[in-house]
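Reading through the structure tokens given below for one structure.
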């Protein structure tokens, strides 16, 4: 897969990448190397300039879904439905809706899917240590608490995959380590595939994640940066 | 669908300060537009219309006297531009002395022939029929001190066979016209009574009233004049030209009509000029506001897209909010308008009659304003929403 941004200055190539169900993947690299781009493509919210094959098998026995085909048809709703059921996404900056309470933010995907009010939200909030904030709006929360809410929202509807783009980048190292550990533990408990992008391998080395190999090269003229990811 | 409704409403009321600003901004532009239109509708609409409708502007008067028979009257009556036509007798033979019990004065009154569809009467005045009913002009009724339903005594005198003769006729006042209809002492009477009057004054007998005299005319009667009114002032010129072409010289109030028409055209032009500028400004301000609002919410819409809301939901979100802004803004503008309308009309109520206030809108106008506002709002928001829905979800997410 190739993604070109602003002409040909930046190129992300993924010759092959296979992620199994339940795997925990780390994508490590400095900012600007294309981590976010790859995550967005994997989350189906960004269309690559060209794609050979992208198949997504949401469950063990399920037939694989051809994402390239949906892209070629520009079927945003198809991918939206796929995301709704199968994917949780934790953004760098939370991405919470300011007008919803913490409870409603966590419950957003569940409500969209018509899932029952079975205490999942409260349970998650307890595990994430934000139960006391459930009825507050996000603007009253600290950055770390907001990231916990974002993690809660990504997990609440039991997706197949949770994709997290530097979920702890805006936090201090101690809080970052704590929240990352909590996140991985919760995903493990729910048997959810996790793909995390981070610039700091140290933080997540001991959490047992598989690190994806990537290499960044520049052409001799310096006009093209190419990142190659395989795994 | 229910989800996006709930989210849009939650956001709208959570951001109540911002939402209020949008509503206020909308009302601030819409209310003056409504007031402007109400003034145009009230002033130009009613007052100019009154001038246009003034029956005297629709009258065509023959110059001098002619010989018009019933065949001619029938042919004129059939023309589509003609609202009213009735024969006139010789004006010297169309006067009657009126007296009432309430007053000692004897009034010589001009007799004016009338019939159904009398253009000088307001709707509430009954048309006199037969030989014993009249409608008095206001000045005549005032001098005679009579009201509707009273009786007056009409008398005529002539010299016949070298003798002075006088006849009396009992007349019931069935109506009194407004001053504007006829300013002098006059009485509107059925054509039969005016013909009887002329016959008597000419020395002939009127058997229907028991008046003696020479034998009635054998040949067909012809009249020296007529009262003719066109349907609208626009028909006046054509009608007069038709008369002139057939050799009948006629006078109209063409100059007055011209002034009124020119005035109406100019006032209308001024109004539409202001209205078009105002409406354009209103549409742009509304559109720009709502478009900017969608832009402001791009990140939040991207988040909705990310969690799997569909394209239609993403469009509905700003559209619903615009719908609310439109309805609330319209409601606020209507309230402001009604308050202004009340005070304008109260200030000027002495100068206008109560049926024709200076400032007024019909319920239809409110509906049109609502439809226009909501339509423009929804269109602007839908365009903005469509733009937001079309972008890749990741584009909005990375902002800030």
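Protein chains in written order, with this note's numbering: chain A, 6 to 236; chain B, 537 to 936.
All C-beta atoms, glycine included, are put in the ideal place defined by N, C-alpha and C.
Beta carbon of residue 843 of chain B nearer than 7 Å to that of residue 921 of chain B: No, the pair does not count as a contact, with Cβ atoms beyond the cut-off.
Express the C-alpha separation of residue 219 of chain A and residue 230 of chain A in angstroms, rounding to a whole number. 13 Å
Could you tell me which of B:543, B:607 and B:718 sits nearest to residue 109 of chain A, measuring between CA atoms? Nearest option by C-alpha distance: B:543.
Once the 5 residues before and after residue 44 of chain A are set aside, which same chain residues still bring their CB inside 6 Å of it? 168, 170 and 202
Test: residue 539 of chain B CB closer than 7 Å to a CB of chain A: yes
Spatial neighbours of residue 704 of chain B within its chain, please: CB distance less than 8 Å, with the 5 preceding and 5 following residues excluded, ordered by chain position. 689, 690 and 691, listed in sequence order.
Are the C-beta of residue 88 of chain A and some C-beta of chain B separated by less than 7 Å? yes
What's the C-alpha gap between residue 593 of chain B and residue 557 of chain B? 52 Å
Same chain only: Cβ atoms within 8 Å of residue 677 of chain B, ignoring 5 sequence neighbours per side: Closer than 8 Å at Cβ, skipping near neighbours: 683, 709 and 712.
Starting from the beta carbon of residue 117 of chain A, find every residue of chain B whose beta carbon is closer than 8 Å, and list them in chain order. 539, 843, 844 and 845
Would residue 94 of chain A be called buried (16 or more neighbouring beta carbons within 10 Å of its own) or exposed? buried
Closer than 7 Å at the beta carbon, the chain B residues around residue 82 of chain A: 846 and 847
Chain B contacts made by the stretch 98 to 109 of chain A, where a contact means CB separation under 9 Å: 98, 100, 101, 102, 103, 104, 105 and 109
C-beta neighbour in chain B for residue 37 of chain A, strict 7 Å: So no, residue 37 of chain A is outside the interface.
Just checking: is the beta-carbon of residue 888 of chain B within a distance shorter than 7 Å of some beta-carbon in chain A? Bear in mind that a pLDDT of 49 at residue 888 of chain B, under 50, signals an unreliable position, so the number given afterwards is only what the model happens to contain. With 7 Å as the cut-off, residue 888 of chain B does not count as an interface residue toward chain A.
Among the candidates B:571, B:566 and B:579, whose CA atom is the shortest distance from the CA of residue 893 of chain B? B:579
Under 7 Å by beta carbon: chain B residues contacting residue 195 of chain A: Against chain B, the beta carbon of residue 195 of chain A has no neighbour under 7 Å; the closest one sits roughly 18 Å away.
When the Cα atoms are used, what is the spatial distance from residue 751 of chain B to residue 649 of chain B? Near 24 Å, if we compare the C-alpha coordinates of residue 649 of chain B and residue 751 of chain B.
Candidates B:571, B:550, B:563 and B:565: closest to residue 901 of chain B by CA position: B:571
Strictly by DSSP, which residues pair up with residue 648 of chain B? Bridge partners of residue 648 of chain B: B:724.
Residue(s) in a DSSP beta bridge with residue 202 of chain A: A:32 and A:170
Taking all protein chains shown into account, decide if residue 673 of chain B is buried (16 or more other Cβ within 10 angstroms of its Cβ) or exposed. buried
Is there a Cβ of chain B sitting closer than 7 Å to that of residue 157 of chain A, yes or no? No, because no Cβ of chain B sits closer than 7 Å to the Cβ of residue 157 of chain A.
Residue 731 of chain B to residue 656 of chain B, Cα distance in whole Å? 21 Å
Could you tell me whether the Cβ atoms of residue 661 of chain B and residue 786 of chain B are closer together than 7 Å? no
Determine the burial state of residue 723 of chain B: buried for a count of at least 16 other Cβ atoms within 10 Å of its Cβ, exposed for fewer. Per the 10 Å Cβ criterion, buried.
Roughly how far, in whole angstroms, is the beta-carbon of residue 866 of chain B from the beta-carbon of residue 566 of chain B, given that I think they are within contact range, below 8 Å? 7 Å
From the beta carbon of residue 114 of chain A, is the nearest beta carbon of chain B less than 7 Å away? yes
Since residue 192 of chain A and residue 212 of chain A should fall inside the 8 Å C-beta cutoff, what is the C-beta to C-beta distance between them, to a whole number of angstroms? The Cβ separation is near 10 Å, so there is no contact.
Just the chain B side, please: which residues come within less than 7 Å of residue 85 of chain A by C-beta, in chain order? 841, 844, 845 and 846
Let me make sure I understand the geometry here. Which of B:616, B:553 and B:877 has the alpha-carbon closest to that of residue 764 of chain B? B:616
If we ignore side chains and look at the alpha-carbon of each, how far apart do residue 105 of chain A and residue 113 of chain A end up? 9 Å
Range covered by the beta strand (DSSP E) that runs through residue 712 of chain B: 699 to 712
In chain A, what lies closer than 7 Å to residue 836 of chain B by C-beta? 102
Work out the CA separation of residue 784 of chain B and residue 640 of chain B for me, nearest whole Å. 43 Å
Check whether the stretch 809 to 817 of chain B touches the stretch 619 to 635 of chain B, taking contact to mean three or more Cβ pairs, one atom from each stretch, closer than 8 Å. no
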